[in-house]
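J.: Just passing along the structure, written as structure tokens.
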Amino acid sequence: MPMFAYQALSRTGEELAGKMQADNTNAVAQALRTEGLRVLDIKEKKQAGFLGQENFSDWLATQRSVSTDGLIFFYRQMAFMLRAGLPLAECLKLSGNQVANPRLNLALRTLHRDIERGHSLSSALRKHPDVFSEMAINLVVAGESTGELDVIMERLAVHLEKRSQLRKQMLNAMIYPIVVVLAAIGVAIFMVVSIIPKFATFLQGQGKPLPASTQMLIDGAQAIRVHGLTIIGVLIVVLMAIFVLYRTNDGRKGIDRLLLYMPIFGNFIITGSMAQMNWALSILLRSGVTVFDGLKITADLISNRVFSDRLKAASELVMAGRDLSSSIHEPAMPALVTQMVAIGEKTGSLDRVLQELGTYYQGLMEIAIKRLTAMIEPAMILIIGGMVGFVYYAFFQALFALAG
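If you're matching positions, the sequence shown starts at -8 in our numbering and goes up one per residue.
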């Protein structure tokens, strides 16, 4: 049985403090009122353990992270059991027995204990901000008020699945070009360090003037060998400066805005942000979360600071009485979004319009990823082939000059 520390006032106005064992805070408060005391504060005392946890294994679990797939499995399982009519505490206990991730398992055991002590699920979830997002907590609050926790759990699972799909698609699209770029850099270094110097020594030893292409190749390789470390050092300093600048609020917003106007990649970022923004907002509004809270929660989900700051500002404008479509207006945001949001507000179907927008932009994202992958492959082949081809061209030009 847990221990609680309390503060209370006696009938004479004297402030009292003490400790009491009980099942939950409600039981402590009831016991104090029975004694004629006025309750001021009740807090559960943490039991002695290892660094705030009951044992070393639980502390070690807090150092682990929870994967998106693990959360999706948990939400799906909860939705199924709640629809089947099982009590919430039993659902959490059964889920805890099925979860392999130590951090999520610890969170579910704590949730089960809090529910049995009389806490609401939303208040129990707030104790684990590193596991459950603000969006999940607010949706659960809405589900508790409407009695549709099973529906909320299903929506959370769908949201995380779509978000995970977008992230995986973007990562898969970037893996191939990164590998090819690294291969191109490796080929270039090998030619500059090993091939071209031998090539240059042989040709210059012939004592004849070299063609312009050959001389340019030799001079370029020589410059890279001489100033290579300086070039690398400058690149490192520039990257560190960009990293430091990105850590500041204004710097990150400036860089994020610059990225939005980059060819190809800018459209890629905009499409992904719109898919995530509209889908998240639709789920929040359908679940009963207010537009004000929905905008603030969605702003924290979007990584691009331009759109994130716009949504935070829009929440204040909506609170002041402005309509949503004009509040979220941003030059980098597609006009289709604001126009469709305006239609949704007029027709009273904003949540459905946002859902359709999210689905539409997710489809665009998938098409953009396929096009990007299709464009990058021939581009990388042309770059590497051009490098090697120029070396061959310069070499044969020199041989023809020597033979001529």
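All C-beta atoms in this analysis are idealised placements derived from N, C-alpha and C, irrespective of residue type, glycine included. These numbers were taken from a predicted model, which means no experiment stands behind them.
Where do the N-terminal and C-terminal ends of the alpha helix (DSSP H) with residue 69 fall, by residue?
T.: Boundaries of the alpha helix (DSSP H) harbouring residue 69: 59 to 74, taken from the DSSP string.
J.: Counting along the chain, where does the beta strand (DSSP E) carrying residue 29 start and finish?
T.: Element bounds for residue 29: 29 to 35.
J.: What does a CB cutoff of less than 6 Å around residue 39 pick up in its chain, not counting 5 residues either side in sequence?
T.: Interpretation of residue 39 is limited by its pLDDT of 49, a score under 50 that renders its predicted location unreliable; the figure taken from the coordinates is listed afterwards. There are no such residues.
J.: Using the three-state DSSP reduction, which class does residue 408 fall into: helix, strand or coil?
T.: Any question about residue 408 goes unanswered here, given that the chain covers just -8 to 395.
J.: Please state if the CB of residue 99 and the CB of residue 77 are separated by a distance shorter than 8 Å.
T.: no
J.: Three-state secondary structure (DSSP) at residue 10?
T.: strand
J.: Which residue comes first and which comes last in the alpha helix (DSSP H) that contains residue 91?
T.: Note, residue 91: premise wrong, no alpha helix (DSSP H); not H, not E.
J.: Would you tell me roughly how many angstroms separate the C-alpha atoms of residue 197 and residue 205, rounded to the nearest one?
T.: The straight-line gap from Cα to Cα measures roughly 14 Å.
J.: Less than 8 Å between the beta carbons of residue 261 and residue 325, yes or no?
T.: yes
J.: Thinking C-alpha only, which one of 384, 340, 121, 248 is nearest residue 53?
T.: 121
J.: Can you find the residues in the same chain that come closer than 7 Å, C-beta to C-beta, to residue 222, ignoring five residues on each side of it along the sequence?
T.: none
J.: How close, in whole Å, do the beta carbons of residue 61 and residue 95 come, if the pair is a contact with beta carbons under 8 Å?
T.: The C-beta distance from residue 61 to residue 95 rounds to 5 Å, short enough to meet the 8 Å contact threshold.
J.: Within the same chain, show all residues whose beta-carbon is closer than 6 Å to that of residue 346, passing over the 5 residues directly before and after it, in chain order.
T.: 273
J.: Starting from the C-beta of residue 153, find all residues in its chain whose C-beta is less than 7 Å away, skip the five residues before and the five after it, and write them out in chain order.
T.: 270, 353
J.: Looking only at C-alpha atoms, which of 389, 171, 138, 48 sits nearest to residue 429?
T.: One cannot answer for residue 429 here, as it falls past the ends of the chain, which runs -8 to 395.
J.: Just curious, the alpha helix (DSSP H) that residue 234 is in, first and last residue?
T.: 203 to 238
J.: Determine the closest residue to residue 266 out of -4, 313, 348, 14, with distance taken between C-alpha atoms.
T.: 348
J.: How big is the Cα-Cα spacing for residue 302 and residue 249?
T.: 19 Å
J.: I need the boundaries of the alpha helix (DSSP H) containing residue 77, first residue and last residue.
T.: Secondary structure note for residue 77: it is in no alpha helix (DSSP H), with a DSSP letter that is neither H nor E.
J.: Looking at the unbroken alpha helix (DSSP H) that takes in residue 254, where does it start and where does it end?
T.: Neither: residue 254 is in no alpha helix (DSSP H) and is coded neither H nor E.
J.: Quick one: residues in its chain with C-beta nearer than 8 Å to the C-beta of residue 86, no 5 flanking neighbours on either side, listed in chain order?
T.: 65, 68, 69, 72, 99
J.: Rounded to the nearest angstrom, what separates residue 13 and residue 49 at their Cα positions?
T.: 24 Å
J.: Taking the C-alpha atoms as reference points, what is the distance between residue 102 and residue 276?
T.: 26 Å
J.: So, helix, strand or coil for residue 39, using DSSP?
T.: Residue placement at residue 39 is poorly supported in this model, since its pLDDT is 49, which falls under 50; the coordinates still yield a value, given next. Reduced to three states, the DSSP call for residue 39 is coil.
J.: Tell me which residue opens and which closes the alpha helix (DSSP H) that residue 118 is part of.
T.: Where residue 118 is concerned, there is no enclosing alpha helix (DSSP H), given that its DSSP letter is neither H nor E.
J.: Spatial neighbours of residue 127 within its chain, please: C-beta separation below 6 Å, excluding the five flanking residues on both sides.
T.: So the qualifying residues of the chain are 147.
J.: Judging by CA-CA distance, which residue of 110, 35, 369, 59 is the nearest neighbour of residue 156?
T.: 59
J.: Quick check: residue 178 and residue 371, are their CB atoms within less than 8 Å of each other?
T.: The Cβ atoms of residue 178 and residue 371 do not sit closer than 8 Å to each other.
J.: So, under 8 Å CB-CB, residue 263 and residue 356 are touching, yes? Tell me the CB distance rounded to an integer number of Å.
T.: 6 Å
J.: Using the Cα positions of residue 236 and residue 245, report the straight-line distance between them to the nearest angstrom.
T.: 9 Å
J.: Using the C-alpha atoms, what's the distance from residue 308 back to residue 320?
T.: 11 Å
J.: Among the residues of its own chain, which have a CB less than 7 Å from the CB of residue 201, if the five just before and after it don't count?
T.: 194, 389, 392
J.: Count the other CB atoms within 10 Å of the CB of residue 295; is the residue buried (16 or more) or exposed (fewer)?
T.: Residue 295 is classed as buried because its beta carbon has at least 16 other beta carbons within 10 Å across all chains shown.
J.: Using a Cβ-Cβ cut-off of 8 Å (strictly less than) and excluding sequence neighbours within five positions of residue 300, which residues of its own chain qualify?
T.: 244, 290
J.: Rounding to the nearest angstrom, what Cα-Cα distance links residue 231 and residue 367 in this structure?
T.: 27 Å
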